[in-house]
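In the numbering used here, the protein residues as written are 151 to 648. Glycine residues also receive a C-beta, built at the ideal position from the N, C-alpha and C atoms. Nothing here was measured: the structure is a model prediction, and the numbers come from that model. The next block holds one structure in the form of structure tokens; read it before the comments.
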């Protein structure tokens, strides 16, 4: 009994000791884990910070604000970030930045022309073509016609841009030149008529809205590719950066960024040899002495001169203006001659060069009260104009319109009281009038262009037309088709003292 009691007591005590030891051990492990967890979390946090903290910061001159500049900044920021490099920008003049970059006081140049390393030996060029642009001449077509570089009296460009300097030297331009400090000053000089023309990048011309101004001609002179530059102390980054940019290009990221910023990069079409087309077709409304049904007329003469040498077959179609416009819209014809984008509002590209100017546009009515009512949106009867044109924007919302087959039909209905006003040119008034109509000028004469499909073929046809029509005017051969008064009216008389 006593043995048994002693034995039982020993067994219970040993179990309790073991349990106590296990409990203490568990508590120690728990304590150690509790102490170790923050340390591990801190170590991981430190690793994350180290991974997200740039190992290097590169500073470049801040480009002038604009869609292309913003796109390039985003592209380079993403590319550098993949190599743990942060990009920052500082404000400084364009001319100074090259010196600062060459001396290593800034990291390089965000985007410059491909031959900088010849004059700035410490700069190293990326092999990736980062962007492209056209160097264009911007001028008023009413002063210089097709506006060749040598036709302009004087011009301005932005100080520090290498493209204009190189081109002016290459073309031996002899006229006066002015250098603006920035894009804003350049625009003010041009809009205030202090200079007749600008030499500018096409993306800057788009930014200033010049492509939408109908009297301005945009003449592409040279296509230039821009590259990224680094000072030689950062040269080791270039190979890795180029690889990243190639990858961003291949996966569509660069294109996406350009599209997001609505950047248009349009290579310059240069013809080393003439193109060839099996069939080229053109449509026009009936214009007396310009587009006759039998194929005569100076517009048709120009189209034949430009396209017959490069086409196996050339079809010319004269019909009502509305049918001509619909023919272009339905892609039954390659081009429409005798209008502009604003007048017809079709998805098309316009010839850069104009072939003529139309006339001042008027609204006609039987009395002044009807003119006033039409301009106030209170005219009870419709305003009539030829079908195919779009003149609605000259009148208030709520105005009703009637589309006639020609101007004479509109005047017949005006005389009978079926319409309240007519929109057309003075020359289209009927011969039968005994009392002049009341009139109000809506706009001055517009340039007339050739419209093409907004497709690769359409743009090729457009570029060929511009190339050959420029030669036709510049050589004086245009006088085969236009009389001197017609040339003067068309603002194509380059011999005129402007």
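Between the C-alpha atoms of residue 388 and residue 236 there is a straight-line separation of about 15 Å. In this structure, DSSP gives residue 259 an extended state, which the three-state scheme calls strand.
Residue 449 sits away from residue 494, with the two beta carbons spaced by 8 Å or more. When DSSP states are grouped into helix, strand and coil, residue 621 belongs to the helix group. Remark: C-beta atoms of residue 631 and residue 451 approach each other more closely than 8 Å. Taking a 10 Å sphere around the C-beta of residue 266, we find 16 or more other C-beta atoms and assign the residue as buried. If you ignore the 5 residues before and after residue 257, its C-beta comes within less than 8 Å of the C-beta of 208, 209, 210, 251, 380, 381, 384, all in its own chain and listed in chain order. When the beta-carbon positions are compared, residue 611 and residue 489 stay at least 8 Å from each other. With contacts defined by Cβ atoms closer than 8 Å, residue 603 and residue 498 form a contacting pair. Under the three-state reduction of DSSP, residue 245 is assigned to helix. Contact between residue 346 and residue 293 holds, since their C-beta atoms are separated by about 6 Å, short of 8 Å.
Using a C-beta cut-off of 8 Å, the stretch 614-622 makes no contact with the stretch 529-546, since fewer than three inter-stretch Cβ pairs fall below that distance. Residue 287 and residue 348 have their C-alpha atoms roughly 6 Å apart.
Sequence-distant partners of residue 375 (beyond 5 residues in either direction) whose C-beta falls short of 7 Å from its own C-beta, in its chain, are 264, 279, 282.
Taking 8 Å as the upper bound for CB-CB distance, residue 470 and residue 435 are in contact here, some 6 Å apart. Straight-line measurement puts the Cα of residue 596 at about 27 Å from the Cα of residue 419. Its Cα nearest to that of residue 594, the residue 509 stands out among 487, 509, 231. Proximity to residue 439 across 396, 636, 233 peaks at 636, based on C-alpha coordinates.
Around the C-beta of residue 245, fewer than 16 other C-beta atoms lie within 10 Å, and the residue is accordingly described as exposed. A residue is called buried when at least 16 other Cβ atoms come within 10 angstroms of its Cβ; residue 570 meets this threshold and is buried.
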